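The sequence shown begins at 20 in the numbering used here and counts up by one.
Worksheet: the structure to be examined is printed underneath.
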Amino acid sequence: QVQLVESGGGLVQPGGSLRLSCAASGSIFSMKAMGWHRQVPGKQRELVAGITSGGSTNYADSVKGRFTISRDSAKNTVYLQMNSLKPEDTAVYYCYAVLTKTYWGQGTQVTVSS
20 QVQLVESGGG
30 LVQPGGSLRL
40 SCAASGSIFS
50 MKAMGWHRQV
60 PGKQRELVAG
70 ITSGGSTNYA
80 DSVKGRFTIS
90 RDSAKNTVYL
100 QMNSLKPEDT
110 AVYYCYAVLT
120 KTYWGQGTQV
130 TVSS
């Protein structure tokens, strides 16, 4: 089993920044990728950013240039630096990890509002 613990969500004003963290523990051998999705009530969960074990990254078009995903392999932790936040970034953000199957964190709320 794999456990994912997220932190760093909260309330921020438009234009502000937040950094999300996701620490993986458990049977994490052969981790293929980690990343973040987000979900707004009534809408489908969407990919925000991902990073592979080889270091390749991908981003949703809506966050390119504003969000940066990174990882600390020694700590089995992935980070999402979110800058220039907009109200439309408000969502629950879920960390995921891909091994032989995909695991999900419990989610952390990000609210962008003045």
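Even for Gly, the Cβ is constructed at its ideal location relative to N, Cα and C.
All of these numbers come straight from a predicted model, not from anything done at the bench.
Nearest neighbour of residue i, chosen from the options [CA to CA]
| i | options | result |
| --- | --- | --- |
| Gly84 | Gln100, Leu39, Ala52 | Gln100 |
| Ser36 | Thr121, Ala79, Gly54, Pro106 | Pro106 |
| Tyr115 | Gln32, Ser44, Leu30 | Ser44 |
| Thr130 | Ser75, Val21, Val31 | Val31 |
| Arg90 | Leu66, Thr76, Ser81 | Thr76 |
| Ser92 | Val21, Gln22, Met50, Gly61 | Met50 |
| Val82 | Asn102, Ser133, Ser132, Lys94 | Asn102 |
| Thr96 | Arg64, Ser72, Ser132 | Ser72 |
| Gly74 | Lys120, Lys94, Ile88 | Ile88 |
Residue i burial status per 10 Å Cβ neighbour count (16 or more: buried)
| i | result |
| --- | --- |
| Gln48 | Gln is not the amino acid found at residue 48; the sequence shown has Phe there. Exposed. |
| Gly28 | buried |
| Asp108 | buried |
| Leu39 | buried |
| Val59 | exposed |
| Gly124 | buried |
Sub-8 Å separation of residue i and residue j beta-carbons
| i | j | result |
| --- | --- | --- |
| Val117 | Thr127 | no |
| Ala42 | Val24 | yes |
| Val21 | Ser46 | yes |
| Phe86 | Tyr98 | no |
Integer Cβ distance of residue i from residue j, believed to fall under 8 Å
| i | j | result |
| --- | --- | --- |
| Gly69 | Gly54 | 3 Å |
| His56 | Tyr122 | Wrong, their Cβ atoms sit about 12 Å apart, outside the cutoff. |
Residue-level contact to chain D via CB, residue i, 8 Å cutoff
| i | result |
| --- | --- |
| Lys105 | Absent from the structure: chain D. Only one protein chain is present. |
### Task
Would you list, in sequence order, the uninterrupted beta strand (DSSP E) runs of no fewer than 3 residues that lie entirely inside the stretch 67 to 122?
76 to 78, 86 to 91, 96 to 101, 110 to 117
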